[in-house]
Amino acid sequence: MRFPLAFAVALPCLGALIGDDDARPAVAPAERTEPDPVYFEERVQPLLVNSCAITGCHDQPGAGRLILERPDFTGRVSVAGTAKNLETALQFVTFKAPMESRLLLKPLVKRDGGLDHSGHHYDFTKKSEKFRLLSEWIDGVELHDVPPIADAGPAISAKVAQRVELDGDGSRERRGLPLNYSWSIVSRPDGSVPLLKAADSARPEFRGDKEGSYTLALVVDNGTLSSEADTVTITLDALPIVLLDAERFRSADAFHSVRDAAASGGLALDVGQEISARTEAVATYEFVVPEGAAYRLFARVASRSSAVMPLTFSIDDAEPDAIEVAPGPGYQLMQVGGDGEQGRLEGAALSLSSGDGAIRDGRLVLRGSPKSPAVGVLDVRARTASMRVLGRVDQGASLLVLSGLEQDGSARAAGYDGVGDRFVLGTWSQGALTVTAHEPAGLLADGAAEVAAQVEFAERSTFLVLGPERVLKAEFERASTSDRIAIATDGVASVEAYRVAQGATELAAKTFDRDERALGQLAAGAHTLTVRATSVDAPRLDEMVLVRADIASGAAGVPDAKRKETRATYFDLVGRPPLAVEQMLAVGLEREALAQRLVGSLEFYEHWYEDELFFYLLLDNFRPRTPQMQALPARLANGSLDVRAATQEIVISQAFNLRNPGNDTFVSVVLEQMLGIVVQDEPKLLEAGKKMYDGYVATVFGQQGKSQSDFVRIVLEQPAFSRVFLTRAYERLVRSAPPKAELETWAKRFEADPRVFTQLVREWVSSPAYSQAVLGLRPKTDHMFIRSVFVDLLGRKPTFEEFRNFRTALQALADSRPLRAVLARVMVDSGQVALPGKAGLDVSAFVAEQFRRFLGRAPDAQETATFAQVMSDPQAEPKLILLALLSSQEYQSY
Amino acid sequence: MRCDRRQFLLSSGLGLGAAALCPSAFAAGNRKTKHVVLVALAGGVRSKETIESPDNIPNLMRIAGGGVVCPNVKAENVGHYGAALSLFTGNVEVFGIREYGRSENPTLFEYLRKGLALPANSVWLSTTNGNQQTNFSYGVHPKYGQRFGANLISADGVFNAEFKQIVNSFGTPKIPSEQEADVVARMRDAIDLRPGDKALPADALSQRSVEQFILEEIGGKTVSLTGPGASDAKALRVASNILRVFKPTFLGVALQEADVAHNSFNSYVEIIRRNDAEIGRLYDTIQQDPELRDSTTMFVVPEFGRDRDLNERNGLDHGDGSTELNRVAMFAWGADVRANKTVKESIASIDLAPTICHLFGVKSEHAHGKVLRSVLA
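Given below as structure tokens:
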């Protein structure tokens, strides 16, 4: 029987088969080949499940082949259950022959021609209503005037102010007519004014403003008949964070990065793109703070160190070869996102001064003409992404891609030179191309050319330069299969100031001078946020977050246990403590959800990369410096590289080679570090490896090779590599050896697909072993200490130069604690740390706040008393409290 | 013996008697040695460029003139790290080249600190760079370990221009007043003291004195040393300062820049010459200090040599198993070392650790080397 398999689909589609001339169609029985499923659902199934499918009869094996699905406790049979019951019932039916159908004959009394039936007390006669219903159905009679069925979807749990999408897609109109939806709020918590948007759609949006339970009803109709109401219950928990939803703002595009909303309970507003899209560099947003709670606004500002000098360029029609590139006041900001294997360019970051162009459906299309060439700037926030440019250029036109933009305006250039009909490589500087290498293209035989170029976006901007007389379509692709791509922390936008206005009253206006700032309290109601960018020298506004005021002020507080867990998870996954606002964001966030947010992020891979470089190279002066290697964390984060391939790149890098000169050293180190082999015990293997290193054909691990890279590749393919690699990663995280049996399982998964690494890390973070590890104090590595002292004291991460030099220094001591204390002192004395004056200071409260800030816990009574006593000394200043905490033994752990 | 404020604070904090501050109390029997300096001339240095080319090492020859030269020291080629570590443990240490692990055997530092109940500031190690060499400071033997480890400073890691520049970007480091240090210490003690503790462990106090030393050194001249071999030079320069300030019972110096020989023979020789000059400076520091002059013994020895022949880069590797690789020359001088003597008998580099322990009357129970009685007076 085929029909039931497509039951859910077939029912609504049935109408299409029966003509449109009658809104309530009646189908001639002769046209049917099977009994009407709607009749079954409405009339027959209730009869069967209430009479036959009772305990001990046709609801379990033992009663022949007629086994039926029972209704749930509300008396309903699911769509799937109905389909199954129909399929079962049809096995006992001969269409149009009721008196030959066992489904009818078995419960028919014997005197009326029925068969033996052990459940004879349910039998009926030919005069009964049951006989009539079954006979009609088997005869092919259809039901008219069948109302649709509403399905409001399953119960929902969410957070206050979080957008909830209701699901009425389960509703059915079984004759194929279009459905109308009508949602209404039946009940709500006292004082609540929830938002129900698009209540006449199948999937409306709901947002509650208070904790508690909401009941919503759905009624559907087909224009004539209405369903009974179905209800759904939505339970909302308190949410510390206001979810800034894209659609609440003027421009949806600006909020492509409402990232991890589901995981984090909501953040954030990334304003950069909107700024860049406006020539005046001012962006305005409107948002509503829900009733019932006040919020504080936090702005996170990224380091300015990576700001890219903005460029604009133009092409002179009269002199096609004279293309000028010069620094200008504009700048661009965009993100590259992916949607799986296809890869797409998401968001708009194209700025055109002439011509026509747009990014549509992830594809960039540019059109130019001699009068109006396509001229513009394309910028990518992600450090790396691959781009494939396919185009047709007319004779004389050129296509160059500039990348690796330097502060002096120079850049690498690659592309097609239409004048010389050649592919070129070179540098772009002072508005001119210096060709360093070229190759004849031979594309212009017919007066036009197909051009393809593959370019790796580097750390800085990439530009398309289009000459006149061309119509070109450029398609951008990303090789990644991941749906995540690095949202680069290296941005290019700069923000001078922002302000928040409530109605006509300006609440605050601030110029950034540090990385994180709370601006004051925002009451419930409508607000307008204005962000203005004027200079590339200003810090870049990274995101804005609204945090419930009682949490932001510490009144509601973050429980010490939660604070410690969050702190430990941040240390383990990204090598630093959380910023204050991140600590608040983690309230109500399960550890697994936090891991979901952090693992696989750019910062996660930057941390991983640093640890790996330290492991493989030990010394920072052998650090790889090629753009490709510097972009390695971003390539990992955007999914274009996996950790095994990344390891291979590290080991075959020039840096590794310099660190390990000569065949003996190189081969020994590779075998030791990647496979855990003691080379003194494997002299033959060592010799074969050295031979291969030197370029001779040799065999190791049963594989032949004749180069250094062959050797590395073969080693990486050994099962031992997976075990050694994962053991190291596990021990780094959990600080204990992995269980042997589980390690084998993990290793097999890793061998099959190294991209499983992030999933494994998430599993480890969720494991009981990690829970146990988090409970105790674990020593901070020097890496962690440096980052923690910057984040805890200055509210920012160290620049790479700061990190590198401090790390090198700390590694110079067997016990780095004295130097750690020196570093903390230098920073506290720098004047960059916000410190209160002593006059009027509530010492106990200040001490408690600093204990939580640096140690993740409140002070005990003795500590409070001692600090208070010491601070009673007139010479004792608040900064000394910080120095004591930062140089304590406990701060050396987390 | 001079007792400055630092030592006074240390002694009062430690609750140790005068013996803890007076190295003379450690001298074994009638030995005069109260301080030992061991320079591991590591990085792979052949005798051919030392005792067979005296012009390269005028200072070492000067030192040896008053002491002993041992031209026949057997060294195990187990990689730089393992071989240099062997000098400090008295055992052949088999370690991977990049391995970042500690020895299972106690080091000289641990033997001396445990055997003589020394505070951390009496035992130091100055190295060329951090990372692996930090592991020389203590092993993982359960009866010894970190609590008996050395204070270690890798000079080039801390006292370099980049670090100073970064530090200065936050402002000139300020040395705290005594009053400020006291306030911070009282609050820090409230956190560090665990329930039931009566006083801080000795190492906590030791760390604070090292903290002070680093603050003072950051402003010093060591930072300005540059050029080939500067890292080794800094290690030796810092060693001189440590000797002057702390007058430690034992000071180790671990060099390694000579390994540049893989790619350049000429640079290798230049580094040997520069190191010789700095060792001469260290020797002079000892000579100019009345307390150290007559109570210090000094040893200088490579961890192993190098190949007999040049490689294709006109450099010298270390893997041919030749005599040049496995036999090196050691220089010794001091109060308890024989004068103007060449000891030709075959000895081993792992004999050095037991010999130094012997000078202090401490038993190196896990070391496999033997005491070099032929070297001692």
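As they're listed, the protein sequences go chains H and B. In terms of our numbering, the first sequence has 440 at position 440, counting the first letter as 1, and numbering is strictly consecutive. Just add 894 to the spot in the second sequence (first one is 1) and you have our numbering. Heads up, the beta-carbon is just placed ideally off N, CA and C, and yes, glycines get one too. Every value quoted in this text rests on a predicted model; they were computed, and no experiment measured them.
Buried/exposed call for residue i, threshold 16 Cβ in 10 Å
i: P948 (chain B); result: exposed
i: R1138 (chain B); result: exposed
i: A876 (chain H); result: buried
i: D1126 (chain B); result: buried
i: D1245 (chain B); result: buried
i: T1120 (chain B); result: exposed
i: P1067 (chain B); result: buried
i: Y894 (chain H); result: buried
i: T434 (chain H); result: exposed
i: F1230 (chain B); result: A small fix is needed here, since residue 1230 (chain B) is Asp in this sequence, not Phe. Per the 10 Å Cβ criterion, buried.
i: D815 (chain H); result: buried
Close-in-space but distant-in-sequence residues of the same chain around residue i (CB under 6 angstroms, 5 per side omitted)
i: H1252 (chain B); result: V1265
i: L617 (chain H); result: R659
i: L954 (chain B); result: D1170, F1225
i: Q708 (chain H); result: Y693
Cα-Cα separation, residue i to residue j
i: S888 (chain H); j: F851 (chain H); result: 11 angstroms
i: G937 (chain B); j: P874 (chain H); result: 55 angstroms
i: I1165 (chain B); j: N950 (chain B); result: 10 angstroms
i: L108 (chain H); j: D123 (chain H); result: 5 angstroms
i: V1077 (chain B); j: D572 (chain H); result: 33 angstroms
i: D1201 (chain B); j: T1217 (chain B); result: 8 angstroms
i: L602 (chain H); j: L636 (chain H); result: 8 angstroms
i: T1236 (chain B); j: V962 (chain B); result: 6 angstroms
i: K748 (chain H); j: S722 (chain H); result: 8 angstroms
i: E943 (chain B); j: V1163 (chain B); result: 7 angstroms
i: Y605 (chain H); j: A580 (chain H); result: 22 angstroms
i: L1149 (chain B); j: A934 (chain B); result: 6 angstroms
i: P559 (chain H); j: N985 (chain B); result: 52 angstroms
i: H783 (chain H); j: L882 (chain H); result: 20 angstroms
i: A437 (chain H); j: L1204 (chain B); result: 38 angstroms
i: A1223 (chain B); j: V1195 (chain B); result: 6 angstroms
i: D169 (chain H); j: A80 (chain H); result: 15 angstroms
i: Y891 (chain H); j: L777 (chain H); result: 10 angstroms
i: G223 (chain H); j: Y181 (chain H); result: 11 angstroms
7 angstroms Cβ cut-off: residues of chain B touching residue i
i: M827 (chain H); result: F1064
i: R817 (chain H); result: Q1101
i: N805 (chain H); result: E1056, F1057, I1060
Whether residue i touches residue j by CB criterion (8 angstroms)
i: E69 (chain H); j: V77 (chain H); result: yes
i: L810 (chain H); j: F854 (chain H); result: no
i: S1020 (chain B); j: A1124 (chain B); result: no
i: L775 (chain H); j: M827 (chain H); result: no
i: T233 (chain H); j: A155 (chain H); result: yes
i: R996 (chain B); j: V1034 (chain B); result: yes
i: L1006 (chain B); j: V1256 (chain B); result: yes
i: A977 (chain B); j: F1225 (chain B); result: no
Contacts around residue i, its chain only, beta-carbon distance under 8 angstroms, and the 5 residues preceding and following it disregarded
i: T864 (chain H); result: S844, V847, A848
i: K879 (chain H); result: V828, D829, V833, L835
i: W137 (chain H); result: P35, D36, Y39, F40, R43, V44
Contacts of residue i in chain H (Cβ-Cβ under 8 angstroms)
i: N1169 (chain B); result: Neighbours of N1169 (chain B) on chain H: none; closest Cβ ~19 angstroms, over 8 angstroms.
Sequence-distant residues of the same chain with beta carbon closer than 7 angstroms to residue i, five excluded per side
i: A720 (chain H); result: L675, G676
i: N1023 (chain B); result: S1048, D1050, G1051, S1125
Contacts that residue i makes with chain B (C-beta to C-beta distance below 8 angstroms)
i: V822 (chain H); result: P1067, E1105, I1108, L1109, I1112
Cβ-heavy atom distance, residue i to the ligand NAD, below 7 angstroms
i: A1152 (chain B); result: Among the components of this structure there are no ligands whatsoever, and the ligand NAD is therefore not found.
Proximal chain H residues relative to residue i, where beta-carbon distance stays under 7 angstroms
i: T927 (chain B); result: Those do not exist, as T927 (chain B) stays about 24 angstroms from chain H at its closest Cβ, beyond 7 angstroms.
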